[in-house]
Amino acid sequence: MAKADYIPALRFEFLTRFYDPLVRYSTREFAFKNALLKQANLNENLKILDLACGTGTLSITVKKKFPKIEITGYDVDDEILKIARRKARIAHAEIDFEQGFSDDLPFKNETFDRVFSTLFFHHLTLERKHRTLKEILRILKPHGEFHLADFALPRNKSQFVLSKWIRLIDGFETTHDNLRGRLLALMQENGFEKVERTGYFKTIIGTIRLFKALKK
0 MAKADYIPAL RFEFLTRFYD PLVRYSTREF AFKNALLKQA NLNENLKILD LACGTGTLSI
60 TVKKKFPKIE ITGYDVDDEI LKIARRKARI AHAEIDFEQG FSDDLPFKNE TFDRVFSTLF
120 FHHLTLERKH RTLKEILRIL KPHGEFHLAD FALPRNKSQF VLSKWIRLID GFETTHDNLR
180 GRLLALMQEN GFEKVERTGY FKTIIGTIRL FKALKK
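Residue numbers for the sequence shown follow numbering that gives the first Met the number 0, so the first one is 0 and each next one is one higher.
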C-alpha cells in the first residue's frame, strides 16, 4: 500500500510511536471513548467494526468488557496496526485487525451491528468523507448504528483558537468541514437516519463531538 495515499495519524511516521500518550493527554481519550461506548448500548451478541482503529485502544476496551463480542479493527496504516496487534496480545484480547482504506471496505453488505470511528474523519477530504459514509451504511445491518467522535464545531471562541492546531497538523482541506459543523449533515446526506449530536468534550486542541446515526 503506497504511503503517499494517506497521511499517518500524527502526520509524520516518526511520531507514530508517540501516538498513545499524545492522544491520551491531548484529547481526554478515555472520557470521550467511554462515552461513545456507553451510548452504543453494547451486548455480547454484536459484531463490531472499529474503523480507523489506530493503536486499538477502543477495540481492546470493548473486548475486555464484552469478551464474546466479535470485533474487527481496521486501519490503513501498517505501522500503527503493528502497535495495535502488540497491545491486543498483551491484553489477551482476541481482535481481528485488517488493513485498508475506509472508502473501499472489504466487507460484505450488512455485516456489522455497530461501526465506531474516533478522531478519523478530520483526516479525510470531503469526497472521501462521502465515500466512506456510503461504505459504512453499506456494511451495517438493518437498524445498525454508527457512532462517531471527532473534532468538530468549536464550542466557544477559545476552543476555536485551540482548533487551529488540528488545522496545522492535519491540513485545512480535510478539517474544514468538520470545524464548520458539517458532520451531522454529511451523515444525513449519505442515507443515515435519526442522526444526532450526543455530547461534546472540550480539549486542549479543540472540541470533540459525539454523534449517533442509524441505518433504516
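Where is the CB? At the ideal position from N, CA and C, for every residue including glycine.
Nearest in C-alpha terms to Asp102, of all of Thr110, Thr124, Lys32 and Asp112, is Thr124. If you draw a straight line from the Cα of Lys67 to the Cα of Leu139, it is about 19 Å long. Selection Val22, Gln158, Gly180 and Gly55 evaluated against Ala87 yields Gly55 as nearest (Cα-Cα). In this structure, the beta-carbon distance from His146 to Arg113 falls below 8 Å.
Just so you know, the alpha carbons of Thr117 and Asn155 end up roughly 22 Å apart.
Considered as a whole, the segment 134-168 harbours 139-150 as its complete beta strand (DSSP E) runs of no fewer than 3 residues, in chain order. Taking C-alpha positions only, Glu93 is separated from Leu178 by approximately 36 Å.
Apart from the 5 residues on each side of it in sequence, Phe191 sits with its Cβ closer than 8 Å to the Cβ of Leu132, Leu136, Phe145, Ala212, Leu213 and Lys214 in its chain, given in chain order. Relative to Lys46, the option among Glu69, Ala34, Phe65 and Lys37 whose CA is nearest is Glu69.
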